[in-house]
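Read through the structure below, which is laid out as structure tokens, and then see the notes.
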Amino acid sequence: MTDLALLGRAAITGKILLLSGLHIGAGKDVIEIGGIDNPVIKHPHTQEPYIPGSSIKGRLRFLLEWAFDKIRQDGQPWGANERSENATADEADPILRIFGSPIGKEVWKGGPTRLLVRDAMLDGEWRQHATDRGLPLTEEKTEVVIDRIAGKAHDRIGPRQTERVPAGAKFDLDLVFRVYDTGDGGARDEECLNWLLAGLSLLEQDALGGSGSRGYGRVRFEGLQYRDLDGKQHAIDNRFRVERFDPHQAPRLVTLKAA
């Protein structure tokens, strides 16, 4: 295995602003007459909606796999099921470095997952704003199936109710990026960190959660702050938005240590 030395942990914090309603489903164990068909996931104690870290990380991985042309024909995540004795994996692979590798340790020599994504909880100020005005923290959206011939709602398929977090809601973003020296002083992990930041720009252009093709889940990142390995804070609110994602050359958005 490549010799690994942990250099430290960088962090990205900020806000996730919803520009359209967000639906991240929780599943439903019971069917209620007149109830919500598709509820959103909520914290078990507060019953407030939140965005699971797994949803953010999964969407970023999906978008970056496409950006790096790492899409498998079987639909599995990049690197999945590569456990045979003849399998190999590039230790510099940005997808496997950033998001982790399902490959067995006998094949993958690039070290632990770099990216940790915390659950994004409701922004306290926005929650208080909604509470003070008596506004609900979620909304119900009615959807129907259209009869292609009649051009109206289908007679035999009733409307369905989907729960969403409304546009305007804010959540706290908290990402941690572990940086390792793999014989290069952390240079490759610095490149991966910058590609990850560019991935936030891709997410703004796409959607988070379900039904993105129907207008759900449009988000914007605000007030982004980067903490380098020296603990110094840097504002990167607009710098991460790249016009063109280059899989061959990482953008120079942040450095591991202040110059």
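The numbering of the sequence shown is UniProt numbering, which starts it at 1 and goes up by one. Note that CB positions come from ideal geometry on N, CA and C, so glycine has one too. Keep in mind it's a predicted model, so treat the numbers as computed, not measured.
Range covered by the alpha helix (DSSP H) that runs through residue i
i	result
residue 174	Run containing residue 174: none in the alpha helix (DSSP H); it sits in the beta strand (DSSP E), 170–181.
residue 95	94–99
residue 195	187–205
Pair within 8 Å by beta-carbon distance, residue i and residue j
i	j	result
residue 49	residue 42	yes
residue 68	residue 114	no
residue 123	residue 172	yes
residue 138	residue 107	no
residue 197	residue 116	no
residue 63	residue 215	no
residue 89	residue 100	no
residue 70	residue 95	yes
residue 17	residue 204	no
residue 135	residue 186	no
residue 224	residue 22	no
residue 229	residue 8	yes
residue 195	residue 130	no
residue 266	residue 181	The first residue shown for the chain is 1 and the last is 259, placing residue 266 beyond what the model contains.
residue 128	residue 142	no
Proximity test, residue i beta-carbon vs the ligand HEM heavy atom, cut-off 7 Å
i	result
residue 96	No copy of the ligand HEM occurs in the structure displayed, which carries no ligand at all.
Residue i burial status per 10 Å Cβ neighbour count (16 or more: buried)
i	result
residue 146	exposed
residue 248	exposed
residue 10	buried
residue 167	exposed
residue 283	Lying outside 1 to 259, the shown extent of the chain, residue 283 is not represented and no answer is given.
residue 74	exposed
residue 144	exposed
residue 15	buried
residue 20	buried
residue 184	exposed
Beta-bridge pairing of residue i - partner residues as DSSP gives them
i	result
residue 25	40
residue 12	175, 226
residue 233	227
residue 252	DSSP output for residue 252 lists no bridge partner at all.
residue 220	17
residue 6	180
Length-filtered (4 minimum) alpha helix (DSSP H) runs lying within the stretch 36–72:
53–67
Please give me, in chain order, every unbroken run of the alpha helix (DSSP H) with length at least 4 that falls completely inside the stretch 100–166.
124–132
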